[in-house]
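Undergrad:
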Amino acid sequence: MALDNEDRAFLEKTIDFIINQVPTIMTMARTDEYKKNFQYKDEGDVVLALSMGIIYGGFVQYFITRHERNINPDETAETNGVILRRTREIKDAIFKCG
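Numbering-wise, our numbering puts 318 at position 3 of the sequence shown, and it's gapless, one number per residue.
Spelled out as structure tokens, the structure:
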């Protein structure tokens, strides 16, 4: 494992937080202003992309602050693996938004 227990716990908590925030992100994605500025058809795809970006970006920022160095390729691969393993949960939360 490239990530230590504290890193992994932060990543998992970040994913949990975003899953709980999906309805809020969906509300934002459904606004006319948002649609006009970003020009998309599928709100669910936008919410998924935003969620993934928030999770990854938030984790990398945390990691750099905690370790005072950039995340390496092994740590990146493990981070991506955790996020991808939990993607179904994010998609399920999006689906529940209707």
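Beta carbons: idealized from backbone N, C-alpha and C, even for Gly.
Can you have a look at Thr342 and say buried or exposed, based on whether 16 or more other CB atoms are within 10 angstroms of its CB?
TA: exposed
Undergrad: Determine, using beta-carbon pairs with one atom in the segment 326-341 and one in the segment 394-409, whether at least three such pairs fall under 8 angstroms.
TA: yes
Undergrad: Can you tell me where the alpha helix (DSSP H) holding Glu383 begins and where it ends?
TA: Where Glu383 is concerned, there is no enclosing alpha helix (DSSP H), given that its DSSP letter is neither H nor E.
Undergrad: For Lys411, name the three-state secondary structure that DSSP assigns.
TA: Residue state, collapsed to three classes: helix.
Undergrad: Do Ile330 and Arg403 have their beta-carbon atoms positioned less than 8 angstroms apart in this structure?
TA: No.
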